[in-house]
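What follows is a short report on a single structure.
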Amino acid sequence: MLNLSDDIKFPSYSTFRRVLQTLDFQPLTELFNTWAANVIALTPQERLAVDGKSIRCTVCDYSQSYQNFLSIVSVFSHQRGIVVRTQPLANKETSELTVVQELISEFSGQQVMFTLDALHCQKKPYP
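So for the sequence shown, the working numbering puts the first residue at 127; every next one is plus one.
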């Protein structure tokens with residue numbers, strides 16, 4: 127019988143970290159979104175949570191009061207427990223509000239319900 131722990135050596139944390147630091151998020155995001163759109167069929171009345179999170183250790187300009195860092199906005203299915211769309215952003219180039227509006231527009235014509243945090247309680251309506 128084959129004992130995998132004796133024959134396979136898994137990459138270390140440092141190896142994963144070095145590889146992930148070299149990745150360009152945009153092409154990876156586009157591949158994921160294309161795959162998710164083709165594989166995950168949303169059901170009517172599906173509930174989707176949309177939220178942005180900053181990515182740790184991506185701050186570029188520590189000395190300035192308005193720092194630039196990377197964030198990722200995800201669309202998460204409550205029923206399935208999976209992410210169905212994602213989009214990275216640099217906070218000095220665009221805002222989470224704009225990215226969320228773009229992600230929501232991708233679901234136009236589908237009968238889905240979105241949950242958003244307080245950041246999205248704006249007077250200006252979504253398109």
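The beta-carbon is built from N, C-alpha and C at its ideal position, and this holds for glycine as well.
The structure displayed is predicted, hence computed values, not measured ones.
(request) Label residue 213 either buried or exposed according to how many other C-beta atoms from any shown protein chain fall within 10 Å of its C-beta, with 16 as the threshold for buried. (result) The count along the sequence shown starts at 1 and reaches residue 213 at position 87. Under this definition residue 213 is a buried residue.
(request) For residue 154, count neighbouring C-beta atoms within 10 Å of its own C-beta (all shown protein chains included) and say buried if the count is 16 or more, exposed if not. (result) In the sequence shown, the residue the question calls residue 154 occupies position 28. Residue 154 comes out exposed.
(request) Starting from residue 229, trace the alpha helix (DSSP H) both ways and give me its first and last residue. (result) As a position in the sequence shown, residue 229 is number 103, starting the count at 1. Element bounds for residue 229: 222-231.
(message) Suppose you measure from the CA of residue 228 to the CA of residue 134; what does that come to, to the nearest Å?
(response) The count along the sequence shown starts at 1 and reaches residue 228 at position 102. The count along the sequence shown starts at 1 and reaches residue 134 at position 8. In a straight line, the C-alpha of residue 228 is about 43 Å away from that of residue 134.
(message) Just verifying my parser: in three-state terms, what is the DSSP assignment at residue 197?
(response) Within the sequence shown, residue 197 is the residue found at index 71, counting from 1. Residue 197 falls in the strand class under three-state DSSP.
(request) Evaluate contact between the region 232-242 and the region 162-182, counting only Cβ atoms and requiring at least three cross-stretch pairs below 8 Å. (result) yes
(request) Check whether the Cβ atoms of residue 175 and residue 224 lie closer than 8 Å to each other. (result) Reading the sequence shown from its first residue, position 49 is the one you call residue 175. Reading the sequence shown from its first residue, position 98 is the one you call residue 224. Not a contact, by the Cβ cut-off of 8 Å.
(message) Only counting the same chain, and skipping five residues up and downstream in sequence, which positions put a Cβ closer than 6 Å to that of residue 159?
(response) On the sequence shown, residue 159 is found 33 positions in, with the first residue counted as 1. So the qualifying residues of the chain are 211.
(request) Give the single residue among 215, 173 and 142 whose Cα lies nearest to the Cα of residue 262. (result) Nothing in the structure corresponds to residue 262, since the chain is present only between 127 and 253.
(message) For residue 149 and residue 218, what's the separation of their Cα atoms in angstroms?
(response) Here residue 149 refers to the residue found at position 23 of the sequence shown. Here residue 218 refers to the residue found at position 92 of the sequence shown. Approximately 20 Å between the Cα atoms of the pair.
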